[in-house]
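With the first letter of the sequence shown counted as 1, position 66 gets the number 66 in the UniProt record's numbering; the numbers rise by one all the way through. Ideal placement from N, C-alpha and C gives every residue a C-beta, glycine not left out.
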Amino acid sequence: MQSLNLKLLTDFSTGTRRFVPGRSCGRERRQCLNLRNSIRNRLIVACSVERDGGGEGPSSSSGSDQSPSSFLSRSQTYAMLKQRMEVAAQSEDYEEAARLRDSLKSFEEVEPVLRLRRLLKEAVADERFEDATRYRDELKEIVPDSLLKCSSDATTLGIRVKVRSVYIEGRSQPSKGQYFFAYRIRITNTSDRPVQLLRRHWIITDANGKTENFWGVGVIGEQPVILPRTGFEYSSACPLCTPNGRMEGDFEMKHIDKVDSLSFNVAIAPFSLSILGDGSDAF
């Protein structure tokens, strides 16, 4: 990103992003051309690995590496290509952007996780449950969290917690192993007693299996009181060093309608952090 001398400004209220170009010079133009050639080579290598599988589709693993480490490498390449396509479009190099777009479509067609997800969905819709079971098992072999959605929904003692995550390309730098995910949480009190959110606890696991725990007071600087039949929403973010991972945790809450009420934990069900998404736009 620095070699292109572009600044990315993100307006979270509108979801729009724009690049502000800095000073340009011949050296930066040469760096840009070298970067494009490098990305072309990465794409050729990444796609050729998948095609060498013999053309039998994702259900055949002969001659191709569908291990978790291979999935991680492909995901990194995929993230890098998507970001370079956006840079090309914003710098009005539409020919390069169109070429990268077409290459990404081809990449998606041969990516085992994306194809298996599609085949699994089609098999379930057609009630071909034996095929669906086979596709599900193959997904689990590729990467343990491949079936995990980018959203979750759990209710504890009448407190419902819904989460949705999304990959933010504009704040990520795949070439440096930096991936940025935003998530939105909706907490709904379906009980007949008011509660207050006291503390949060997050468990974050990256694609390498490294797990970290984070504790904090309240959320976004607040300890909100949530009355019966009302809700509270907020957005936050999570940087990750891999293009895929997972989050889960709990909120410590307390009923405030009685003195000396004991606190209790409200589950935040596991959800995925993934540059590939899960094919759903639902919250």
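Give me, in chain order, the residues of the same chain whose beta-carbon lies closer than 6 Å to that of residue i; leave out the 5 immediate sequence neighbours on both sides.
i: residue 79; result: 174, 243 and 275
i: residue 111; result: none
i: residue 162; result: 153 and 186
i: residue 124; result: 132
i: residue 201; result: 215, 249 and 250
By DSSP's criteria, residue i is part of a beta bridge. Which residues make up the other side?
i: residue 213; result: 203
i: residue 133; result: None; residue 133 has no bridge partner.
i: residue 245; result: 206 and 273
i: residue 223; result: For residue 223, which the question treats as bridged, DSSP gives no partner whatsoever.
i: residue 239; result: 180
i: residue 159; result: 156 and 189
Suppose you measure from the CA of residue i to the CA of residue j; what does that come to, to the nearest Å?
i: residue 219; j: residue 259; result: 23 Å
i: residue 76; j: residue 109; result: 17 Å
i: residue 229; j: residue 189; result: 5 Å
i: residue 253; j: residue 223; result: 9 Å
i: residue 257; j: residue 168; result: 40 Å
i: residue 267; j: residue 96; result: 46 Å
i: residue 113; j: residue 212; result: 26 Å
i: residue 134; j: residue 115; result: 13 Å
i: residue 196; j: residue 214; result: 20 Å
i: residue 140; j: residue 107; result: 21 Å
i: residue 121; j: residue 105; result: 19 Å
i: residue 291; j: residue 246; result: Given a span of 1 to 283 for the chain in the structure shown, any question on residue 291 remains unanswerable.
i: residue 181; j: residue 92; result: 27 Å
i: residue 269; j: residue 143; result: 19 Å
i: residue 234; j: residue 184; result: 6 Å
i: residue 217; j: residue 98; result: 47 Å
i: residue 263; j: residue 255; result: 7 Å
i: residue 73; j: residue 89; result: 25 Å
i: residue 138; j: residue 148; result: 14 Å
Once you ignore the five residues that flank residue i on each side, which residues in its own chain have a CB closer than 8 Å to its CB?
i: residue 150; result: 164, 165, 166, 271, 272, 273, 274, 277, 278 and 280
Worksheet item: Any chance the stretch 240-247 sits against the stretch 197-207, with 3 or more Cβ pairs inside 8 Å?
Response: yes
Discussion item. Quick test of the definition: if touching needs 3 or more C-beta pairs under 8 Å, does the stretch 76-83 touch the stretch 165-172?
Written reply: yes
Practice prompt. Entirely within the stretch 54-127 and at least 3 residues each: give me those beta strand (DSSP E) ranges in chain order.
Written response: none
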